[in-house]
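Numbering (the numbering used here), first residue to last: 3 to 186.
Report on one structure; see the data block that follows.
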């Protein structure tokens, strides 16, 4: 199976601004519904600790019963997938279908890619950077949000070169642009 890195980033390439905020990247209903379709085939999410701590919100979102359909749908999609969290500090998971691994192991991820029946996704720029550097990432789903934040946490790693092929693109009404690349 393939490993996909999906990320919402500012136009200048950051997932967080210099203050660590990312509220400017919250997808609207149209973008969220599109993301739901991309996430539906994911069998396993690979996360670093910080991304996992952000995403575990979806285990039991407050007010889910009264939330819009795209929010309810995403919660169900996320809850149905397995999660592997790479962390030296977490001792146990607080969500179902989750296991903790103390270290990122590129060979173990290669085996997981061979053994998993569904798609794999990797979340968090630091963990994704390790996977990109190891040549493990097959697909890139970049959502560029129409904002410049001037610094912060980069969406893509420095010091890594990868040739990519543009597979798809889409423009959303809110100005977000989706770019789908495949490793060449």
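We treat Cβ as the ideally placed atom computed from N, Cα and C, and that holds for glycine.
Just so you know, these numbers come straight off a predicted model, no measurement behind them.
Contact check, residue i vs residue j, beta carbons under 7 Å
| i | j | result |
| --- | --- | --- |
| residue 125 | residue 49 | yes |
| residue 13 | residue 146 | yes |
| residue 162 | residue 186 | no |
| residue 17 | residue 157 | yes |
| residue 113 | residue 79 | no |
| residue 101 | residue 86 | yes |
| residue 167 | residue 181 | no |
| residue 142 | residue 183 | yes |
| residue 47 | residue 82 | no |
Residue i (DSSP reduced to helix, strand or coil)
| i | result |
| --- | --- |
| residue 125 | strand |
| residue 11 | strand |
| residue 25 | helix |
| residue 101 | strand |
| residue 1 | Any question about residue 1 goes unanswered here, given that the chain covers just 3 to 186. |
| residue 45 | strand |
| residue 163 | coil |
| residue 5 | strand |
| residue 35 | helix |
| residue 83 | coil |
| residue 77 | helix |
For residue i, the residue or residues it bridges with in DSSP
| i | result |
| --- | --- |
| residue 50 | 88 |
| residue 134 | The partner list for residue 134 (beta bridge, DSSP) is empty, contrary to what the question assumes. |
| residue 173 | 179 |
| residue 146 | 11, 179 |
| residue 16 | 156 |
| residue 66 | Bridge partners of residue 66: none, in fact. |
| residue 168 | 183 |
| residue 141 | 6, 184 |
Alpha-carbon spacing of residue i relative to residue j, whole angstroms
| i | j | result |
| --- | --- | --- |
| residue 8 | residue 90 | 24 Å |
| residue 164 | residue 93 | 34 Å |
| residue 97 | residue 153 | 32 Å |
| residue 159 | residue 64 | 34 Å |
| residue 53 | residue 103 | 14 Å |
| residue 122 | residue 139 | 10 Å |
| residue 129 | residue 106 | 8 Å |
| residue 55 | residue 169 | 31 Å |
Same chain, Cβ closer than 6 Å to residue i, neighbours up to 5 away in sequence not counted
| i | result |
| --- | --- |
| residue 31 | 72 |
| residue 179 | 146, 173 |
| residue 149 | 12, 26 |
| residue 34 | 72 |
8 Å Cβ shell around residue i - same chain, five flanking residues per side excluded
| i | result |
| --- | --- |
| residue 66 | 73, 74, 77 |
| residue 110 | 103 |
| residue 37 | 8, 29, 76, 145 |
Close-in-space but distant-in-sequence residues of the same chain around residue i (CB under 7 Å, 5 per side omitted)
| i | result |
| --- | --- |
| residue 177 | 148 |
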